[in-house]
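Residue 485 in full-length UniProt numbering sits at position 485 of the sequence shown, and the numbers go up by one each step. Worksheet: one structure, shown below.
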Amino acid sequence: MADKSGLLHRLGNAVQSGTGERLDGKSSTVSSGDTRFTPPVSPASQDVESLEGWGFEDTRFVVQPDGSTLLTGTRYNISNVALPELMPWFAAKLASPLGYDNRNEPHYPPQIPEAKKDPALLTALRGFLKEDQLTDDPKQRLRRGHGHTGGEIWAIRYTKLDRVPDLVVFPRGHDEVVKLVETATKHGACVIPFGGGTNVTEALRIPLSEARLVIAVDMRQMNRVLWIDTVNRMACIEAGATGRHLMSELAKFGFTMGHEPDSLEFSTLGGWIATNASGMKKNRYGNIEDLVLDMRVVTAQGIVERPRQAPRESVGVNPRQYMFGSEGNFGIITTAVVKLFPLPEVQRYGSVIFPDLAEGLAFLYELQQSGAVPASVRVMDNTQFHFGQALKPAKHGLAAKLKSELEKVVVTKLKGFDPYKLAVATIVFEGSREEVDFQEKTLYRIAAAHGGMKGGGANGERGYQLTFGIAYIRDLTFEHWAIAESFETSVPWSRALELYERVQRRVEKEHAALKLPGKVFFTGRLTQVYQTGVVIYFYLGFYAKGVEDPVGAYAALEHAAREEILAAGGSLSHHHGVGKIRRDFLPEVYSEGALALNRKVKAAIDPENVFGASNSGINGPVALTPNEEPH
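Written out as structure tokens, the structure reads:
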């Protein structure tokens, strides 16, 4: 419950820089003139990311001979400790024999298609790029040819991808991107931007019909904070900056952007814009469209940019708006000007246990109306609650065991909660001391009115931080014959519980109809809240041993779930985007006139289809493999 100190306080004094005075967020003084300054460039990160799965190369879940699970490395609060309950819990939930001796050994790397060659194009690129900015290494090309859907990771581990980029290019500045697009256009190449590669929509999959040489433009060497304006609370940042780098750099000056998606460590600013992303602390800081004031985009028709930024404008149709959710179809985002917020004076965590998910939803609805919504508040269903319990390390010592048993008695006996119905909210409060005190008082009052019981700050912090660690679990399940993935929607308040229950019934029905082994894995949580509704984030999976086409079976399950979501009044997506896996649903959410308008905009901006990602249905249906259409 202690307040943050050091860098987590706003800068205490005015500092002279350049032509103007830059002030910390706490000062009431306003400087005149140009108050921007250029921060020093930090050393390049030495972190190595995995080429064959989620996250860092040194971090993965491994099942031990005794049946416990270990997360290697030291990066997370569950790293390098034995988790004895995780695999037994998964096995029971899937009604399947997951365990140490039942292993689906990956075969990475798969067979990788040969790269197309164009010596003239390569010579032209070498005219302005250094040799270490170009590679046709097979593994590097493979990595830029996929995102992180379950089907894509399954493919690179157990089957193959039939088409990947032919060349990977690493620009280091805006001007190089301009020359790159000009060169690709002149030589008839296809260009696909690559940020963190974390999408779960098959947005990076290359259509088999793409006969041109494909250049993957990896933006992550363009990760500098170009300038910061602490008076007007803005910063200009290159689009390849990952969330972890961006947050670290801004914190040095007492600020944050506040955008924290689950993929924060690996996704990029440009990727957030291109997918119209949302973060876990949206309630306080806003979604990406609320945070971005301006951007610079290289298109086939020229550069989209503005000479200055204003708090708000009415300037006709702003081309910038087409870039939110553009999914690589219109150009390459090179920089963005974003809003900044002072690092919070206070950050506290909390948690609440509710009798069931319905009470948790009613709590969120009333909380939204109260004006006291914290930075993050998420309500997990019963399965996710037990999932979190399975991720706890073994309890050692009599005191720890007694405390655990006492907590169970309080929840189940004294409060009368059914352990197989209860739901749990994890909460992050951020802001001034007065704001946080008001939010806490209001939130816990509302929670109590809905039968909620305080679960403690430690559980809230652990639940929030687990978001980053559990992202690795999907890859673990693959190695023990289970396939799983996430998807999401937003839905009006009045239909939220109905949607959740309908989707659960539908996937159970489809699992049985497909005659898949064991039981279907289904769970959901209520995440971001709005005045008009709430976001529901689902996880879906099943045991796949003996299934002829696990990827196809999963796609059929998720497709059925999406049908049910739309029928129940939910959105096609809240923040993942469309990519290729949801393109066939677009006629259900847009009129033909709207779809035609988007196609005409694409034709006007990029008549030669230089940016050939073919996402969002802009180029119509495109086959991805010889026998596969996007689901």
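Note that the Cβ used here is the ideal one computed from N, Cα and C, for glycine as well.
### Task
Mind checking which residues open and close the beta strand (DSSP E) that includes G302?
For G302, the enclosing beta strand (DSSP E) has its first and last residue at 302 to 304.
### Query
At which residues does the beta strand (DSSP E) containing P492 begin and terminate?
Residues 482 to 492.
### Task
Find the nearest neighbour of P311 within the set W89, N318, K339, I353, judged by alpha-carbon distance.
P311 has its Cα closest to that of K339, out of W89, N318, K339, I353.
### Query
Does DSSP put L142 in a helix, in a strand, or in coil?
Reduced to three states, the DSSP call for L142 is helix.
### Message
Between the segment 323 to 334 and the segment 596 to 613, can you find at least three pairs of beta-carbon atoms closer than 8 Å?
### Response
A contact exists between the segment 596 to 613 and the segment 323 to 334.
### Query
Below 8 Å between beta carbons: does that hold for L361 and A555?
Their beta carbons are not under 8 Å apart, which means L361 does not touch A555 by this criterion.
### Query
So, E249 versus F468, is the Cβ gap smaller than 8 Å?
No.
### Task
With a cut-off of 8 Å on the beta carbons, I'd call P84 and V164 a contact; round off their distance for me.
Their Cβ separation, rounded to whole angstroms, is 40 Å, which puts P84 and V164 out of contact at 8 Å.
#### Entry: For T201 and K602, believed in contact at Cβ under 8 Å, the rounded distance
That pair is no contact at about 18 Å.
### Task
Report the rounded CA-to-CA distance for G617 versus V181, giving the unit in angstroms.
Cα to Cα, the separation comes out at about 23 Å.
### Message
So the candidates are F128, N104, V191; which of them puts its Cα closest to the Cα of T159?
### Response
Check the Cα spacing between T159 and each of F128, N104, V191: the tightest is with N104.
### C-alpha gap between Q504 and V373, whole angstroms
Here the alpha carbon of Q504 sits roughly 28 Å from the alpha carbon of V373.
### Task
Starting from the N-terminal side, write out each stretch of the alpha helix (DSSP H) that is 4 residues or longer and does not extend beyond the segment 139 to 195.
Runs found: 150 to 158, 174 to 187.
### Message
Give the list of continuous alpha helix (DSSP H) stretches no shorter than 4 residues that lie fully inside the segment 31 to 113.
### Response
If we require 4 residues or more, the alpha helix (DSSP H) runs fully inside the segment 31 to 113 come out as 86 to 94.
### Message
What would DSSP say about residue 632, mapped onto helix, strand or coil?
### Response
The structure shown does not extend to residue 632, since the chain spans only 1 to 631, so no value can be given for it.
#### Entry: Residue of L540, A211, I303, R212 minimising C-alpha distance to I605
Each of L540, A211, I303, R212 was checked against the Cα of I605, and the nearest Cα belongs to I303.
### Message
For a test of the three-state rule: what should DSSP assign to I206, helix, strand or coil?
### Response
The DSSP-derived three-state label of I206 is coil.
#### Entry: K421 versus I446 - alpha carbon distance
Between K421 and I446, the C-alpha separation is close to 20 Å.
### Query
Considering R495, what are the terminal residues of the beta strand (DSSP E) in which it resides?
Neither: R495 is in no beta strand (DSSP E) and is coded neither H nor E.
### Message
Could you give the first and the last residue of the continuous alpha helix (DSSP H) run that contains Q389?
### Response
In the DSSP assignment, Q389 falls within the unbroken alpha helix (DSSP H) covering 382 to 390.
### Message
So for G612, helix, strand or coil by DSSP?
### Response
Under the three-state reduction of DSSP output, G612 falls in the coil class, being neither helix nor strand.
### Query
Who pairs with T201 in a beta bridge, going by DSSP?
Answer is none; T201 lacks a bridge partner.
### Query
Residues in its own chain within less than 6 Å of A287 by CB, not counting five upstream and five downstream?
Position check: residue 287 holds Asn in this sequence, whereas Ala was assumed. Cβ neighbours of N287 within its own chain (closer than 6 Å, five residues either side excluded): S278.
### Task
Can you grab the Cα-Cα spacing for the pair S351 / G371, in whole Å?
When rounded, the distance between both Cα atoms is 19 Å.
### Bridge-paired residues (DSSP) for S376
According to DSSP, S376 bridges with V428.
### Query
Between which two residues does the beta strand (DSSP E) containing R525 stretch?
It spans 521 to 529 - the beta strand (DSSP E) in which R525 sits, taken as one unbroken run.
### Message
Please report the straight-line C-alpha distance between E548 and G151, rounded to a whole angstrom.
### Response
E548 and G151 have their C-alpha atoms spaced approximately 14 Å apart.
### Task
State the start and end residues of the unbroken alpha helix (DSSP H) segment that holds M234.
Counted as a single uninterrupted DSSP element, the stretch harbouring M234 is not any alpha helix (DSSP H) but the beta strand (DSSP E) occupying residues 234 to 238.
### Query
Would a check of beta-carbon distances place N619 closer than 8 Å to chain C?
Chain labels in this structure do not include chain C; a single protein chain is all it has.
### Task
For the alpha helix (DSSP H) containing L361, list its first residue and its last residue.
Start and end: 357 to 370.
#### Entry: E501 burial status per 10 Å Cβ neighbour count (16 or more: buried)
Under this definition E501 is an exposed residue.
### Query
Three-state secondary structure (DSSP) at M247?
Annotated three-state conformation of M247 is helix, per DSSP.
### Message
Can you tell me whether R529 is buried or exposed? The criterion is at least 16 other CB atoms within 10 Å of its CB, across all chains shown.
### Response
This sequence places Val at residue 529; Arg is not what is there. By the neighbour-count rule (16 or more Cβ atoms within 10 Å), V529 is buried.
### Task
Measure the alpha-carbon distance for L364 versus V491 and round it to whole angstroms.
C-alpha separation (whole angstroms): 13 Å.
### Query
For the alpha helix (DSSP H) that G270 lies in, which residues bound it at each end?
Its alpha helix (DSSP H) spans residues 269 to 275.
### Task
Determine, using beta carbons only, whether P355 and G431 come nearer to each other than 8 Å.
Not a contact, by the Cβ cut-off of 8 Å.
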